[in-house]
Structure formats: C-alpha cells, structure tokens
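Participant:
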Amino acid sequence: MLSTLVYRSRLRGEITTEQLAALDRQARADNEARGITGILLFDGSHCFQLLEGPEAMVQEVYRRVCADLRHHHVVKLLDDYAPGRKFGQWGMKLFDVRAQPPEQADALVRRLVQDTALPAADRAFKLIRAFASGRWRDHAVAVPDAASWTFERRPTPFRDAGPQVYSSTACQFALQPIVDASTGQVSSLEALIRSASGGPPQECFDRIPRDQLHRFDLESKRQAFELAAAVGIGACRLSINLLPASLVDMPHAVDHLVEQIRALGLAPQQVIVEITEEEALSHFGAFQAAIKRLRAAGIGLAIDDFGAGFAGLSLLSKFQPEKLKIDRMIVTGIHADGPRQAIVKAVVECCRSLGITTVAEGVETFDEWCWLRAAGVDLFQGFLVAKPRLNGVADVVWPVPRRGAAATAALTP
Ligand code: C2E
Ligand code: MN
Ligand code: MN
Numbered sequence: 004m005l006s007t008l009v010y011r012s013r014l015r016g017e018i019t020t021e022q023l024a025a026l027d028r029q030a031r032a033d034n035e036a037r038g039i040t041g042i043l044l045f046d047g048s049h050c051f052q053l054l055e056g057p058e059a060m061v062q063e064v065y066r067r068v069c070a071d072l073r074h075h076h077v078v079k080l081l082d083d084y085a086p087g088r089k090f091g092q093w094g095m096k097l098f099d100v101r102a103q104p105p106e107q108a109d110a111l112v113r114r115l116v117q118d119t120a121l122p123a124a125d126r127a128f129k130l131i132r133a134f135a136s137g138r139w140r141d142h143a144v145a146v147p148d149a150a151s152w153t154f155e156r157r158p159t160p161f162r163d164a165g166p167q168v169y170s171s172t173a174c175q176f177a178l179q180p181i182v183d184a185s186t187g188q189v190s191s192l193e194a195l196i197r198s199a200s201g202g203p204p205q206e207c208f209d210r211i212p213r214d215q216l217h218r219f220d221l222e223s224k225r226q227a228f229e230l231a232a233a234v235g236i237g238a239c240r241l242s243i244n245l246l247p248a249s250l251v252d253m254p255h256a257v258d259h260l261v262e263q264i265r266a267l268g269l270a271p272q273q274v275i276v277e278i279t280e281e282e283a284l285s286h287f288g289a290f291q292a293a294i295k296r297l298r299a300a301g302i303g304l305a306i307d308d309f310g311a312g313f314a315g316l317s318l319l320s321k322f323q324p325e326k327l328k329i330d331r332m333i334v335t336g337i338h339a340d341g342p343r344q345a346i347v348k349a350v351v352e353c354c355r356s357l358g359i360t361t362v363a364e365g366v367e368t369f370d371e372w373c374w375l376r377a378a379g380v381d382l383f384q385g386f387l388v389a390k391p392r393l394n395g396v397a398d399v400v401w402p403v404p405r406r407g408a409a410a411t412a413a414l415t416p
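Numbered according to the numbering used here, the sequence shown spans residues 4 to 416.
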C-alpha cells in the first residue's frame, strides 16, 4: 500500500553544507532503491521530512531515523495512505529553508509541488508550508534535553502500614503518589483497591455479587481512609476511585463518605473523588445531583482517564472538575507523537482557561515527563515517579538537572 509519513526532528550538533550534501546523496540512493520519494526541509537545526512510497519501505526508513543518533526529538506528524503518488517519483529533494526568506515559503512549496496535483488543502502540503515558513514553531513545545537531567530517589514522609490497619478483610489498598513537579512535593496519594490477597481491582470486584457491587465500592472507601490515616498523609490529599453509580444508587452516599472521612481524622477538603470520563457521561443526569452534594460537602472531583473514552470535550462543556487526569493511552510515547501532542496542548490550554489542574497518568519515561512538563501539565503520576505500593507509599524519583549541564539552555522544540 502506498503511504505518506511526515516527521520533524532536531539534529544533534552542527552540520556543514558538505555534510548536508553527503546526507542528501546517501538518502537519495537509499530512497530510490526502495521506491520512496523524499522531501527534506532543513532550517539549520531542524529537519522536516516527507516520505512517500510502499508502506513497509517507508516504515523501515522511519525506524532507521528514530534509531539514528544524529536525530533527536523525532516527532511523527502524519501517517496516511493514498490511492496514488502525490509527488513525482524521485529519491530525494533537499531544501535549505534558510536560503529562503519566510515570505518566500509559498513559492518554495509551489516549486516543490509544481509537478503534482496536490490541492492546497492537503495535509502534507499544509505541513510542508508551515515548516518552510517557520510557523510550525508557534505550535511546538520547547522541551528540555533529557540527557541534561538525572534522577534522585527521595524517601517520602509516609509510614508503611501493613494489613492490620483495616477494620475489614474484604479488601486492601495500594497508594500511588501524584507529584507536583514545580514544587517538588507529593500533591496527593491515589488509593487503588486490591483484593484481600493483594490482587488487582478486577480480582477484588469479581468476588462481589453484582447486586452488591456499588455498596461494596462505597463502603470499601472506609479502608482507604483507614490506610491514609495510618500512613500519616498530613497535608497531602487522598484521591479515591468510585463508580458514579456507587454515589448515585446508594442512599446518603455522600453523607456516608463524609462521616467516614471525619471519623478517621481527615477533612473532606483533603479527599478527591475520581470518576472515569465515560461513566460520568453515561450517568450524567443522576450524577449531576451527586456532584452538587460532593461539592457542598467540600470534597474535590477529578475526571479520570480523560481521552480514553468517548466523552472528551463534550464532558468538559457539561461540568468542570477540579482536576483532569489525562489517560495513559494519550501519555504513552507523547514525546514522539504529533497528534497526541496537539491534543494535550489543547487540553492543557482549555484547562488553564477554566482553572482546572491537569494530571498526566501513566508516565513511564523521562522523555514523556519532559514533554508534558514543558507543555504545562501540572501534576504527574506513573511508574517513572513511583509505583503503587500495597499498604504504604513507595519512594519518589525526582528529575534533577545534571551537575554542570545547562538544562534550561537546552530548551528546544
Ligand atoms: P486508574 O484510576 O486510572 O488508576 C491508575 C491505574 O494505572 C492503576 O492500576 C495503576 O497501578 C496504574 N498505573 C499507574 N501508573 C502507571 C504507569 O506508569 N504505567 C502503567 N502501565 N500503569 C500505571 P490499578 O491499580 O490496576 O487500577 C486500575 C483501575 O481500577 C483504576 O484506574 C480505577 O479505574 C479502578 N479502581 C481502582 N481502585 C478502585 C476503587 O476503589 N473503586 C473503583 N470503582 N474503581 C477502582
Ligand atoms: Mn483513578
Ligand atoms: Mn486513570
């Protein structure tokens, strides 16, 4: 199948005109052998490349670019299919956009596509034009270079509690820190349910008869509060997960929660209820009444797994939580994925205008952390920072600038 792939990357170090010409020759020969047409735009620091040709060949070249140490911050912008070639069949065309004043960008692009029937509305065409004119920088996030940072493991001030803290043996909880990168503080702990033997949430819920699930979900939270009190959460907040139905179907659910919270010496203001976006929307009518009661009691609300379901922005138009947790599906690999970057940038911007705190979930790599932090995400949760720990809180790993490295000077899109 004929495919088109567009990526942008940053070149490590300087490159001379001769080196660039050699690179061009090499790429042309490689591409010709694979039936690939390439367009490479270079602006002195960044490359923008379009590859068109048989899918397997295009993917092979792209994999090589990703593994090539001369490129970093490689971001895929477009991955598409077409019934026929949009560009002529040539191995490679290189354009040094520094040789063009920005206002000449259109002329460059026109020249580039003069032999093609490419409409101005074509996405590849628009991307080429944005790079040639330098306008792409307006939309790119300046990211610190991962190599100039290192990690520091810091113990958290919480105690390990052990299973004897609970008043019931129906379940246990694991706690996972959610950290604030700008203050270096643990902002909250998320309580994740575990079975009596420490198994995952599903194993725990599978043992509960269907008609008792919501009651169990609600009443299990007493154990989450017991654990929070036992580890000594101090000024930190506690996030709990609830199915909306556990709030809606259970009579006096909010009063029950508040009672349990106070009984364990916590304040309702310390507690945040996380509801997944899909569940919130599918039960919205009844859920709205529960939101009011939660807010009136001082309990915070977070939308969980944002971007994983179908609600998306339409949910935000209906109600605005205190926190919005961006799902791991969007977070994974974000540093190399143009569409996900565009979505998260828009979500961060939207949350900022509404005063909503953004949380990135499932952050596993430092590249993801760097991009998300540079894009303005407020809080971080994930295995990179700390894994959930049964009946306790694991140490937190913090990124710190490497000694002597100009971490902030290396900011680059
Ligand atoms: P969630 O609320 O989105 O919780 C985050 C889940 O992602 C947790 O899985 C956590 O262990 C996992 N996680 C955190 N960081 C990373 C990471 O960097 N990489 C990966 N791969 N995973 C990460 P867990 O504990 O298995 O929980 C799964 C889901 O079960 C939760 O997702 C939540 O929706 C639900 N759940 C947990 N506790 C309760 C509860 O008490 N009541 C209800 N109704 N649902 C719960
Ligand atoms: Mn959650
Ligand atoms: Mn989640």
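Quick reminder that beta carbons are idealized off the backbone N, C-alpha and C, glycines included.
1) Is A123 helix, strand or coil by DSSP?
2) Which same chain residues end up closer than 7 Å to Q323 when comparing Cβ atoms and leaving out the 5 residues on each side of it in sequence?
3) Which residues in the same chain have their Cβ closer than 7 Å to the Cβ of Q248, if we skip the five residues on either side of it in sequence?
4) Unbroken alpha helix (DSSP H) runs of length 4 or more, entirely within the segment 167-227: which are they?
5) Return the CA-CA distance between V277 and A305, expressed in angstroms with no decimal places.
6) Could you work out which residue in A397, W139, H49 and P391 is closest to G16 when comparing CA atoms only?
7) At which residue ranges does the segment 33-92 contain complete beta strand (DSSP E) runs of 3 or more residues, listed in the order of the chain?
8) Please list, in chain order, all residues of the same chain as A413 whose beta carbon is under 7 Å from its beta carbon, the five residues on each side excluded.
9) Which word fits E280, buried or exposed, when buried means at least 16 other C-beta atoms lie within 10 angstroms of its C-beta?
10) Among all the DSSP beta bridges, which residues are the ones paired with F98?
11) Is S151 near ligand 4, with its Cβ less than 8 Å from a heavy atom?
12) Evaluate the contact criterion for the segment 232-248 versus the segment 282-300: three or more CB pairs, one atom per stretch, below 8 Å.
13) In the structure shown, what three-state DSSP assignment does E229 receive?
14) Does DSSP put A108 in a helix, in a strand, or in coil?
15) For the alpha helix (DSSP H) holding K390, just list the boundary residues, first then last.
16) What do you reckon, is the C-beta of F386 under 8 Å from a heavy atom of ligand 1?
17) Suppose contacts are defined by Cβ-Cβ distances below 9 Å. Is S200 in contact with E193 by that definition?
18) Going by DSSP, what residue range makes up the alpha helix (DSSP H) through F322?
19) From R331 to E364, what distance separates their C-alpha atoms?
20) Using three-state DSSP, classify A238 as helix, strand or coil.
21) Pick helix, strand or coil for E277, following the three-state DSSP scheme.
22) What is the DSSP secondary structure of P271, counted as helix, strand or coil?
23) Pick out every residue whose C-beta is nearer than 5 Å to a heavy atom of ligand 2: which are they, in chain order?
24) Which term fits P86, buried or exposed, when burial requires 16 or more other beta carbons within 10 angstroms of its beta carbon?
25) Give the range of the alpha helix (DSSP H) segment to which W372 is assigned.
26) Can you tell me which of V362, S190 and D214 puts its alpha carbon nearest to the alpha carbon of I236?
27) Which same chain residues, not among the five before or five after V257, have their C-beta less than 6 Å away from its C-beta?
28) Nearest-angstrom Cα distance between F228 and D220?
29) Under the criterion of a Cβ to heavy atom distance below 8 Å, does K1 qualify as lining ligand 3?
30) How should A293 be labelled, buried or exposed, when 16 other C-beta atoms within 10 angstroms of its C-beta is the threshold for buried?
31) Run the CB neighbour count on K321, radius 10 Å, all protein chains shown included, and call it buried at 16 or more, exposed below.
32) Quick check: what's the CA-CA separation for S185 versus G47?
33) Between F290, L178 and P158, which lies nearest to K421 when the distance is taken from Cα to Cα?
34) Give me whichever residues DSSP pairs with N244 in a beta bridge.
35) Go to V257, then tell me how far its alpha helix (DSSP H) extends in each direction, as first and last residue.
36) Would the beta-carbon of R197 fall within 9 Å of that of Q175?
Facilitator: Judging by the given coordinates:
1) In the sequence shown, the residue the question calls residue 123 occupies position 120. DSSP places A123 in coil when its eight states are reduced to three.
2) Residue mapping note: residue 323 aligns to position 320 of the sequence shown, counting from 1. Within the same chain, Q323 has close Cβ partners L357 and I359.
3) Within the sequence shown, numbered from 1, the residue matching residue 248 stands at position 245. The sequence given here has Ala at residue 248, not Gln. Around A248: H217 and H286.
4) 204-209
5) Counted from its first residue, the sequence shown places residue 277 at position 274. Counted from its first residue, the sequence shown places residue 305 at position 302. Looking at the sequence itself, residue 277 is Glu, so the reference to Val does not match. Using only the alpha carbons, I get a separation of about 5 Å.
6) Within the sequence shown, the letter at position 13 stands for residue 16. For the residues A397, W139, H49 and P391, the minimum Cα distance to G16 belongs to H49.
7) 40-45, 49-57 and 74-84
8) Numbered from its first residue, the sequence shown carries residue 413 at position 410. The predicted position of A413 is uncertain, since its pLDDT is 44 and thus under 50; no value can be drawn from it.
9) Locating residue 280 in the sequence shown gives position 277, counting from the first residue. E280 should be labelled buried.
10) Residue 98 sits at position 95 when you count from the first residue of the sequence shown. For F98, which the question treats as bridged, DSSP gives the partners L44.
11) As far as ligands go, the structure on display features ligand 1, ligand 2 and ligand 3 and does not contain ligand 4.
12) yes
13) Mapped onto the sequence shown, residue 229 falls at position 226. DSSP places E229 in helix when its eight states are reduced to three.
14) Along the sequence shown, read from residue 1 onward, the residue named residue 108 stands at position 105. It is helical.
15) Residue mapping note: residue 390 aligns to position 387 of the sequence shown, counting from 1. No alpha helix (DSSP H) contains K390, which DSSP labels as neither H nor E.
16) On the sequence shown, position 383 is the one that residue 386 refers to. Answer for F386: yes, Cβ within range of ligand 1.
17) On the sequence shown, residue 200 is found 197 positions in, with the first residue counted as 1. On the sequence shown, residue 193 is found 190 positions in, with the first residue counted as 1. No, the Cβ-Cβ distance between S200 and E193 is not below 9 Å.
18) Residue numbering aside, residue 322 sits at position 319 when the sequence shown is read from its first letter. Here F322 belongs to no alpha helix (DSSP H), and DSSP marks it neither H nor E.
19) Stepping through the sequence shown from its first residue, residue 331 is reached at position 328. Stepping through the sequence shown from its first residue, residue 364 is reached at position 361. R331 and E364: Cα-Cα distance of roughly 5 Å.
20) As a first step, residue 238 must be located in the sequence shown, where it is residue number 235. Here A238 sits in coil by DSSP.
21) Here residue 277 corresponds to residue number 274 of the sequence shown, with the count starting at 1. Three-state result, E277: strand.
22) In the sequence shown, the residue the question calls residue 271 occupies position 268. Helix.
23) N244, E277 and D307
24) On the sequence shown, residue 86 is found 83 positions in, with the first residue counted as 1. It counts as exposed.
25) Counting from one through the sequence shown, the residue named residue 372 turns up at place 369. Here the alpha helix (DSSP H) through W372 covers F369 to A377.
26) Working through the sequence shown from its first residue, we reach residue 236 at position 233. With distances taken between Cα atoms, I236 lies closest to S190.
27) As a first step, residue 257 must be located in the sequence shown, where it is residue number 254. Closer than 6 Å at Cβ, skipping near neighbours: R296, L297 and A300.
28) Counted from its first residue, the sequence shown places residue 228 at position 225. Counted from its first residue, the sequence shown places residue 220 at position 217. Near 13 Å, if we compare the C-alpha coordinates of D220 and F228.
29) Residue numbering for the chain in the displayed model covers 4 to 416; residue 1 lies beyond these limits and cannot be assessed.
30) The residue given as residue 293 occupies position 290 in the sequence shown. Per the 10 Å Cβ criterion, buried.
31) The sequence position of residue 321 within the sequence shown is 318, counting from 1. Under this definition K321 is an exposed residue.
32) Along the sequence shown, read from residue 1 onward, the residue named residue 185 stands at position 182. Along the sequence shown, read from residue 1 onward, the residue named residue 47 stands at position 44. Rounded to whole angstroms, S185 to G47 spans 32 Å at the Cα level.
33) Not covered by the structure: residue 421. The range shown for the chain is 4 to 416.
34) Stepping through the sequence shown from its first residue, residue 244 is reached at position 241. Looking at the DSSP assignment, N244 forms a beta bridge with E277.
35) Within the sequence shown, numbered from 1, the residue matching residue 257 stands at position 254. Where V257 is concerned, the enclosing alpha helix (DSSP H) stretches over A256 to A266.
36) Here residue 197 refers to the residue found at position 194 of the sequence shown. Here residue 175 refers to the residue found at position 172 of the sequence shown. Their beta carbons are under 9 Å apart, which means R197 touches Q175 by this criterion.
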